[in-house]
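As structure tokens, the structure follows; a few thoughts come after it.
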Amino acid sequence: DELRSRAMASRVGDPLAAAAAETGHNANVLIVEDRRSAAERLAAALGQYHCVETVASPQDALERAKAGDFDVVLVSLDLQDYDGLRLCSQLRSLDRTRSVPVVMLADPQDRARIMRGLDLGVHDYLVRPIDRNELVARVRTQVKRKRFSHSLRESVQASMDLAVTDGLTGLHNRRYLDSYLAGLFCEPSLRERPVALLLLDIDRFKSINDRFGHDAGDEVLKEFATRIRAQTRGIDVVARYGGEEVVVVVPDTGLDAARQVAERIRERIEAVPFQVQRGTTAIDVTVSIGVAARQPEDDAPGQMLKRADLALYQAKQAGRNRVVA
Ligand code: GH3
Ligand code: MG
Ligand code: MG
Ligand code: MG
Numbered sequence: 127d128e129l130r131s132r133a134m135a136s137r138v139g140d141p142l143a144a145a146a147a148e149t150g151h152n153a154n155v156l157i158v159e160d161r162r163s164a165a166e167r168l169a170a171a172l173g174q175y176h177c178v179e180t181v182a183s184p185q186d187a188l189e190r191a192k193a194g195d196f197d198v199v200l201v202s203l204d205l206q207d208y209d210g211l212r213l214c215s216q217l218r219s220l221d222r223t224r225s226v227p228v229v230m231l232a233d234p235q236d237r238a239r240i241m242r243g244l245d246l247g248v249h250d251y252l253v254r255p256i257d258r259n260e261l262v263a264r265v266r267t268q269v270k271r272k273r274f275s276h277s278l279r280e281s282v283q284a285s286m287d288l289a290v291t292d293g294l295t296g297l298h299n300r301r302y303l304d305s306y307l308a309g310l311f312c313e314p315s316l317r318e319r320p321v322a323l324l325l326l327d328i329d330r331f332k333s334i335n336d337r338f339g340h341d342a343g344d345e346v347l348k349e350f351a352t353r354i355r356a357q358t359r360g361i362d363v364v365a366r367y368g369g370e371e372v373v374v375v376v377p378d379t380g381l382d383a384a385r386q387v388a389e390r391i392r393e394r395i396e397a398v399p400f401q402v403q404r405g406t407t408a409i410d411v412t413v414s415i416g417v418a419a420r421q422p423e424d425d426a427p428g429q430m431l432k433r434a435d436l437a438l439y440q441a442k443q444a445g446r447n448r449v450v451a
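UniProt numbering puts the first residue of the sequence shown at 127, with every later residue one more than the last.
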């Protein structure tokens, strides 16, 4: 739910940020201009709407652009002893500055360089003498464009996260697990490597719901996920497989090591009762775990899952709260 509401928030947006993005005001603007009077005129015009910083040398410009969080950079094409176009090209190609719009400040005889700049991906240009209103308008357009593409990227990312994440536990979801497992059997480099899988199922979870309510059951599931994650490595994939079932994929691991991981998880679930309803209720929870490793003859993840499921069934039959491998 938290993930979902976070995604919603970034899509709907913070109203203040949205308003600023719409007007294109209050941006951080970097001006690269070594003629003092020209630099002052530009700063005065833009300073009404934005936070402006001025530098005179291309070295300072690169340093500030890499370190700072600028929404737009204005570059004079005729810097002393330096081709401003080269600076534009560097700004466009460096990872740290690539997403910042660049506007060239050119002289009327600079047509050829303006064309080359546009070819390099420079976003816009202004020809001297620079009209104040046009300057303000063009900077604003670039700021809006940058903010829009930034928020678009964030909301696309949020939707992608949602598509592979379980809303209740924050674990990966079944869809993610399925494609991850499929990858282990497709990629030639991965086919040869050992991999094992744990299938975990909370014991008598129905009765936890019945005794303490569905919301308490949800809290148990979240804590269950947290404890599993605490006992696994970064490269292990932990996914919610079904209601109260979780799959852990342990790459580069054989059956014995996987059994030890499972035993450690089982122990950590049993050892400390789950606190729910703001600490007012403590619930004893246990888990049964089936473990399986990839066999040389396996050609699809379903076979390994089926063996883990069978092992889980045996763990339940044998009295629950145990690991069968
Ligand atoms: P066993 O030891 O055999 O696994 O018994 P069990 O009660 O855990 O097994 P069963 O599969 O019969 O019950 C699982 C229950 O999990 C039933 C379902 O209502 C509950 N459940 C599934 N998803 C959720 C959920 O998201 N939240 C809560 N609170 N309960 C869920
Ligand atoms: Mg179940
Ligand atoms: Mg069951
Ligand atoms: Mg169960």
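Just so it is clear, CB atoms sit at the ideal spot from N, CA and C, and this is done for glycine as well. Values in this document were obtained by computation on a predicted structure and should not be read as measured data.
Under 9 angstroms between C-beta atoms of residue i and residue j
i: Ile409; j: Ile354; result: no
i: Thr407; j: Ala308; result: no
i: Ala171; j: Thr180; result: no
i: Leu200; j: Ile157; result: yes
i: Leu436; j: Val373; result: no
i: Thr149; j: Lys192; result: no
i: Gln433; j: Gly405; result: The sequence shown places Arg at residue 433, not Gln. No, they are not a contact pair.
Whole-Å CB distance - residue i paired with residue j, under 8 angstroms assumed
i: Arg254; j: Leu231; result: 7 angstroms
i: Gly380; j: Ala322; result: 7 angstroms
i: Pro227; j: Val262; result: Pro227 to Val262, Cβ: 15 angstroms. No contact.
i: Phe331; j: Glu370; result: 4 angstroms
i: Asp246; j: Arg218; result: The sequence as given places Leu at residue 246; Asp does not occur at that position. That pair is a contact at about 5 angstroms.
i: residue 458; j: Asp250; result: One cannot answer for residue 458 here, as it falls past the ends of the chain, which runs 127 to 451.
i: Leu211; j: Arg242; result: 6 angstroms
i: Leu310; j: Leu316; result: 5 angstroms
i: Tyr306; j: Val248; result: 41 angstroms between Cβ atoms; not a contact.
i: Pro320; j: Arg420; result: 6 angstroms
i: Ile334; j: Val346; result: 6 angstroms
i: Leu288; j: Asp344; result: In fact, because the Cβ distance is near 18 angstroms, the residues do not count as touching under 8 angstroms.
Closest residue to residue i among the options (Cα-Cα distance)
i: Ala182; options: Thr412, Asn259, Glu396 and Gln206; result: Gln206
i: Val376; options: Arg385, Leu200 and Tyr439; result: Arg385
i: Glu318; options: Asp425, Asp245 and Asp250; result: Asp425
i: Lys272; options: Ala365, Asn154 and Asn259; result: Asn154
i: Ala441; options: Arg212, Ser414 and Arg433; result: Ser414
i: Cys177; options: Asp195, Asn335 and Asn152; result: Asn152
i: Glu389; options: Thr412, Arg433, Arg404 and Asp378; result: Thr412
i: Arg366; options: Gly360, Phe350, Asp378 and Gln357; result: Phe350
i: Val229; options: Ile256, Asp221 and Tyr208; result: Ile256
i: Ala451; options: Lys270, Asp382 and Gly428; result: Asp382
Distance cut-off 8 angstroms: residue i Cβ against heavy atoms of ligand 6
i: Asp204; result: Because ligand 6 does not appear in the structure shown, any question about it cannot be addressed here, the ligands present being ligand 1, ligand 2, ligand 3 and ligand 4.
(Q) Just to be sure I understand the criterion: a residue counts if its Cβ is closer than 7 angstroms to at least one heavy atom of ligand 1. Which residues meet that? (A) Leu294, Asp327, Ile328, Asp329, Arg330, Phe331, Lys332, Ser333, Asn335, His340, Gly343, Asp344, Leu347, Gly369, Glu370, Ser414, Lys442 and Arg446
(Q) Ignoring anything shorter than 4 residues, give me the alpha helix (DSSP H) runs that lie fully in the region 411–443, in order along the chain. (A) 427–443
Q) Counting only runs that start and end within the region 276–343, where is the alpha helix (DSSP H) found for 4 or more residues in a row? A) 300–312, 314–317 and 331–338
Q: Tell me the start and end of each unbroken beta strand (DSSP E) in the region 173–231 that is at least 3 residues and wholly inside, in chain order.
A: 177–181 and 198–202
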